[in-house]
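Going by the numbering used here, the letters in the sequence shown line up with residues 8 to 355, in that order. Just so it is clear, CB atoms sit at the ideal spot from N, CA and C, and this is done for glycine as well.
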Amino acid sequence: MADKSFTLLGIETSCDETAASVVRGAAPGPGEILSNIVFSQTEAHAPYGGVVPEIASRAHLEIVDGVIEQALSQAKVTLADMDGIAVTAGPGLIGGVMVGLTTAKALALGARKPLIAVNHLMGHAMTARLTHGVEFPFLLLLVSGGHCQLVGVDGPEDFRLYGSTIDDAVGEAFDKTAKILGLPYPGGPAVEEAARRGSPRAHDLPRPLKGRAGADFSFSGLKTAVRQLVQDHHASAEDVSASFQAAVIDILRDRTRIAMQMFRRDFPQGSTLVVAGGVAANQAIGEALAKLCGEEDFTLRVPPPRLCTDNAAMIAWAGVERLSAGSGGDDLAISPRARWPLANVPHS
Ligand code: KG4
Ligand code: ZN
Numbered sequence: 008m009a010d011k012s013f014t015l016l017g018i019e020t021s022c023d024e025t026a027a028s029v030v031r032g033a034a035p036g037p038g039e040i041l042s043n044i045v046f047s048q049t050e051a052h053a054p055y056g057g058v059v060p061e062i063a064s065r066a067h068l069e070i071v072d073g074v075i076e077q078a079l080s081q082a083k084v085t086l087a088d089m090d091g092i093a094v095t096a097g098p099g100l101i102g103g104v105m106v107g108l109t110t111a112k113a114l115a116l117g118a119r120k121p122l123i124a125v126n127h128l129m130g131h132a133m134t135a136r137l138t139h140g141v142e143f144p145f146l147l148l149l150v151s152g153g154h155c156q157l158v159g160v161d162g163p164e165d166f167r168l169y170g171s172t173i174d175d176a177v178g179e180a181f182d183k184t185a186k187i188l189g190l191p192y193p194g195g196p197a198v199e200e201a202a203r204r205g206s207p208r209a210h211d212l213p214r215p216l217k218g219r220a221g222a223d224f225s226f227s228g229l230k231t232a233v234r235q236l237v238q239d240h241h242a243s244a245e246d247v248s249a250s251f252q253a254a255v256i257d258i259l260r261d262r263t264r265i266a267m268q269m270f271r272r273d274f275p276q277g278s279t280l281v282v283a284g285g286v287a288a289n290q291a292i293g294e295a296l297a298k299l300c301g302e303e304d305f306t307l308r309v310p311p312p313r314l315c316t317d318n319a320a321m322i323a324w325a326g327v328e329r330l331s332a333g334s335g336g337d338d339l340a341i342s343p344r345a346r347w348p349l350a351n352v353p354h355s
């Protein structure tokens with residue numbers, strides 16, 4: 008553990024959660040979460056069955072100041088106590104990212120603190136260091152509403168991409184399946200709940216790319232099959248959910264096993280699988296991955312659900328990682344980015 012510890016305010020506004028958090032610690036972690044305020048806009052978007060960007064940016068703008076105040080007061084600190092202000096600068100819905108980034112710039116300027124512009128995906132990637140102090144290198148399975156990737160992580164900014172989705176993200180597949188079945192938004196928890204009462208063998212759904220070389224994912228064929236199944240037959244939501252989830256688990260297991268082999272070739276000393284992103288909150292997926300880790304001699308690390316879904320503690324922690332690595336912060340002129348890939352060097 009490094010002797011210098013950092014205290015950071017984190018701000019997250021890239022999707023439909025307005026979040027602020029104060030975190031203290033140093034790489035490699037674990038760190039201390041002094042406050043973690045997450046205001047979810049789920050209710051505002053629920054009538055539309057998905058996030059409406061315009062509604063999201065306005066909602067962020069209305070409450071971001073209050074959420075930050077709450078995070079500071081609950082942590083019993085002031086801006087003057089901070090070593091820096093970390094904020095999501097992308098990827099995400101650009102209007103929301105602009106609200107968070109502009110607020111963070113104003114605070115950094117006013118309080119004369121370094122601004123740390125964080126990649127949202129890096130926040131997810133580093134969460135297991137905040138919670139468990141996981142050492143580099145580790146294999147990351149990032150499964151959220153917007154992303155589905157397998158990445159080798161060997162430093163706070165050292166990523167090697169093994170596979171990613173060629174169409175939908177896995178969380179998106181959960182959300183669309185829920186919509187087809189008339190289940191409430193967000194779909195992941197609703198499908199998981201319905202699946203508990205259904206049979207995973209009721210319907211034989213496709214497993215796109217399963218058994219193929221490489222570690223890429225594809226979910227759009229699965230989603231189409233679910234739509235056809237529901238249109239053509241009077242299948243129960245419970246059985247469709249259970250069969251859908253079984254197909255997803257099969258795909259994740261197959262792709263992750265291949266990425267484990269790729270990772271082992273690159274990092275023979277590495278043996279940790281970290282799962283991050285909202286879908287990591289799914290218990291059945293967690294159990295299947297635990298079994299896979301047992302078979303392949305990996306240790307599984309999954310942050311608790313409230314740190315798997317979008318939050319600002321992971322953004323503050325990403326800032327801690329940057330400062331621990333000697334960064335002095337970013338220029339206040341930095342721009343928000345709608346797209347910002349974590350690793351754009353494909354594995355050869
Ligand atoms: O990481 P996250 O909060 O936001 C993004 O950055 O996308 O992930 C949200 C996604 C949604 O698609 C949601 O349906 C999914 O995570 N999700 C789940 C579960 N809880 C959330 N998917 C499956 N099972 C769950 N229990
Ligand atoms: Zn996310």
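(Q) Please tell me whether T134 and W347 are closer than 8 Å, where the distance is taken between their beta carbons. (A) In the sequence shown, residue 134 corresponds to position 127, counting from 1. In the sequence shown, residue 347 corresponds to position 340, counting from 1. No, the Cβ-Cβ distance between T134 and W347 is not below 8 Å.
Q | Helix, strand or coil at D246 [DSSP, three-state] | A | For the purposes of this step, residue 246 is taken as the residue at position 239 of the sequence shown. Reduced to three states, the DSSP call for D246 is helix.
Q | Backbone CA spacing between H210 and D174 [nearest angstrom] | A | Here residue 210 corresponds to residue number 203 of the sequence shown, with the count starting at 1. Here residue 174 corresponds to residue number 167 of the sequence shown, with the count starting at 1. Taking the straight line from one Cα to the other gives about 23 Å.
Q) For the alpha helix (DSSP H) that A222 lies in, which residues bound it at each end? A) The residue given as residue 222 occupies position 215 in the sequence shown. Note, A222: premise wrong, no alpha helix (DSSP H); not H, not E.
Q: For M321, collect the residues of the same chain with a Cβ closer than 7 Å to its Cβ; drop the 5 residues on either side in sequence, then sort them by chain order.
A: Within the sequence shown, numbered from 1, the residue matching residue 321 stands at position 314. These residues qualify, in order along the chain: G130, H131, M133, T134, L137, L314.
Q.
Does the contact criterion of 3 or more C-beta pairs under 8 Å hold for the stretch 69 to 87 versus the stretch 25 to 35?
A. yes
(Q) Between which residues of its own chain and A345 is the CB-CB distance below 8 Å, once the five residues before and five after are set aside? (A) To locate residue 345, count along the sequence shown from 1; it is residue 338. Within the same chain, A345 has close Cβ partners G97, P98, G99, L100, I101, V104.
Q | Continuous beta strand (DSSP E) assignments of at least 3 residues falling wholly in the stretch 48 to 99 | A | 91 to 97
Q. Per DSSP, F145 forms a beta bridge with which residues?
A. Here residue 145 refers to the residue found at position 138 of the sequence shown. V160.
(Q) Here's the rule I'm using: 16 or more other beta-carbon atoms within 10 Å means buried, otherwise exposed. How should S225 be labelled? (A) Position 218 of the sequence shown holds residue 225. Flag for S225 reads buried.
(Q) Please report the distance separating the alpha-carbon of F46 from that of P37. (A) Counting from 1 along the sequence shown, the entry for residue 46 is found at position 39. Counting from 1 along the sequence shown, the entry for residue 37 is found at position 30. In a straight line, the C-alpha of F46 is about 25 Å away from that of P37.
**Q.** Beta carbon of N82 nearer than 8 Å to that of D23
**A.** Locating residue 82 in the sequence shown gives position 75, counting from the first residue. Locating residue 23 in the sequence shown gives position 16, counting from the first residue. Residue 82 is actually Ala in this sequence, not Asn. Their beta carbons are not under 8 Å apart, which means A82 does not touch D23 by this criterion.
Q) Quick one: what's got a C-beta closer than 6 Å to E294's C-beta in the same chain, skipping five residues either side? A) For the purposes of this step, residue 294 is taken as residue 287 along the sequence shown, with counting starting at 1. Closer than 6 Å at the Cβ level, and outside the excluded window around E294, lies no residue.
Q: Tell me whether the beta-carbon of D273 lies closer than 8 Å to the beta-carbon of G159.
A: As a first step, residue 273 is located in the sequence shown; it is residue number 266 there, counting from the start. As a first step, residue 159 is located in the sequence shown; it is residue number 152 there, counting from the start. Yes, they are a contact pair.
Q) Do G195 and ligand 2 come close, with the Cβ less than 7 Å from some heavy atom? A) Position 188 of the sequence shown, counting from 1, holds the residue named residue 195. G195: no, Cβ never under 7 Å from ligand 2.
Q | Limits of the beta strand (DSSP E) - the one that V125 falls within | A | Residue 125 sits at position 118 when you count from the first residue of the sequence shown. V125 -> beta strand (DSSP E) spans 122 to 126.
Q | S151 CB to nearest heavy atom of ligand 2 below 7 Å | A | Stepping through the sequence shown from its first residue, residue 151 is reached at position 144. It does: the Cβ of S151 is within 7 Å (strictly closer) of some heavy atom of ligand 2.
(Q) For A185, count the other beta carbons within 10 Å of its own beta carbon; 16 or more makes it buried, fewer makes it exposed. Which is it? (A) If you number the sequence shown from 1, residue 185 lands on position 178. It is buried - the Cβ of A185 has at least 16 other Cβ atoms within 10 Å.
Q | S227 - DSSP class collapsed to helix/strand/coil | A | Along the sequence shown, one-based indexing puts residue 227 at 220. S227: helix per DSSP, three-state reduction.
**Q.** T49 classed as buried or exposed, judged by whether at least 16 other C-beta atoms fall within 10 angstroms
**A.** Residue numbering aside, residue 49 sits at position 42 when the sequence shown is read from its first letter. Exposed, because fewer than 16 other Cβ atoms sit within 10 Å of the Cβ of T49.
Q: Report yes if the C-beta distance between L41 and L86 is below 8 Å; otherwise report no.
A: For this step, residue 41 is matched to residue 34 along the sequence shown. For this step, residue 86 is matched to residue 79 along the sequence shown. Cβ atoms of L41 and L86: not closer than 8 Å.
Q) Relative to ligand 1, is the shortest distance from any of its heavy atoms to the C-beta of V282 smaller than 7 Å? A) Here residue 282 refers to the residue found at position 275 when the sequence shown is read from its first residue. No; taking the cut-off as 7 Å, the Cβ of V282 has no heavy atom of ligand 1 nearer than that.
Q. Do the CB positions of L146 and L157 come within less than 8 Å of each other?
A. Within the sequence shown, the letter at position 139 stands for residue 146. Within the sequence shown, the letter at position 150 stands for residue 157. Yes.
Q | Nearest to A283 (by Cα), restricted to the options F305, N318, T14, A254 | A | By one-based count along the sequence shown, residue 283 stands at place 276. Of the listed residues, the one whose Cα sits closest to A283 is N318.
Q. Going by beta carbon distance, what residues of the same chain come within less than 8 Å of E303, once the five residues before and after it are set aside?
A. Position 296 of the sequence shown, counted from the first residue, corresponds to residue 303. Excluding residues within five positions, the ones whose Cβ falls inside 8 Å are R264, M267.
Q | G117 versus R203 - alpha carbon distance | A | Translated into positions along the sequence shown, residue 117 becomes position 110. Translated into positions along the sequence shown, residue 203 becomes position 196. Taking the straight line joining both Cα atoms gives about 51 Å.
Q: Could you pull out every residue in the same chain whose Cβ sits closer than 6 Å to the Cβ of H154, ignoring the five residues on either side in sequence?
A: Position 147 of the sequence shown holds residue 154. A176.
Q) Apart from the five residues on each side of it in sequence, which residues of its chain come closer than 8 Å, Cβ to Cβ, to G14? A) Counted from its first residue, the sequence shown places residue 14 at position 7. The amino acid occupying residue 14 in the given sequence is Thr; Gly does not appear at that position. Cβ neighbours of T14 beyond the five flanking positions: V29, V30, R31, L41, V84, D88, M89, D90.
Q.
Helix, strand or coil, according to DSSP, for L116 in the structure here?
A. Within the sequence shown, residue 116 is the residue found at index 109, counting from 1. In this structure, L116 counts as helix in the three-state DSSP scheme.
Q: Could you check the C-alpha separation between V59 and I258 for me, to the nearest Å?
A: As a first step, residue 59 must be located in the sequence shown, where it is residue number 52. As a first step, residue 258 must be located in the sequence shown, where it is residue number 251. Rounded to the nearest angstrom, the two C-alpha atoms are 30 Å apart.
Q) For S151, is the classification buried or exposed, using 16 other Cβ atoms within 10 angstroms of its Cβ as the cut-off for buried? A) In the sequence shown, counting from the first residue as 1, residue 151 sits at position 144. Under this definition S151 is a buried residue.
Q.
Let's see if you can read the secondary structure: which residues bound the alpha helix (DSSP H) around T184?
A. Locating residue 184 in the sequence shown gives position 177, counting from the first residue. Its alpha helix (DSSP H) spans residues 177 to 188.
Q | Close-in-space but distant-in-sequence residues of the same chain around L16 (CB under 6 Å, 5 per side omitted) | A | For the purposes of this step, residue 16 is taken as residue 9 along the sequence shown, with counting starting at 1. Around L16: V29, M89, I92.
Q. CB S206 to CB D161, shorter than 8 Å?
A. Counted from its first residue, the sequence shown places residue 206 at position 199. Counted from its first residue, the sequence shown places residue 161 at position 154. Result no, Cβ atoms of S206 and D161 do not sit closer than 8 Å.
Q) Between which two residues does the beta strand (DSSP E) containing L331 stretch? A) Locating residue 331 in the sequence shown gives position 324, counting from the first residue. The sequence given here has Ser at residue 331, not Leu. Element bounds for S331: not the beta strand (DSSP E) but the alpha helix (DSSP H), 320 to 331.
Q. Is it right to say M8 is buried, meaning 16 or more other beta carbons lie within 10 angstroms of its own, or is it exposed?
A. Locating residue 8 in the sequence shown gives position 1, where the first residue counts as 1. Here the model assigns M8 a pLDDT of 48, short of 50, so the residue's position is not dependable, and the following value carries that caveat. When all chains shown are included, M8 counts as exposed.
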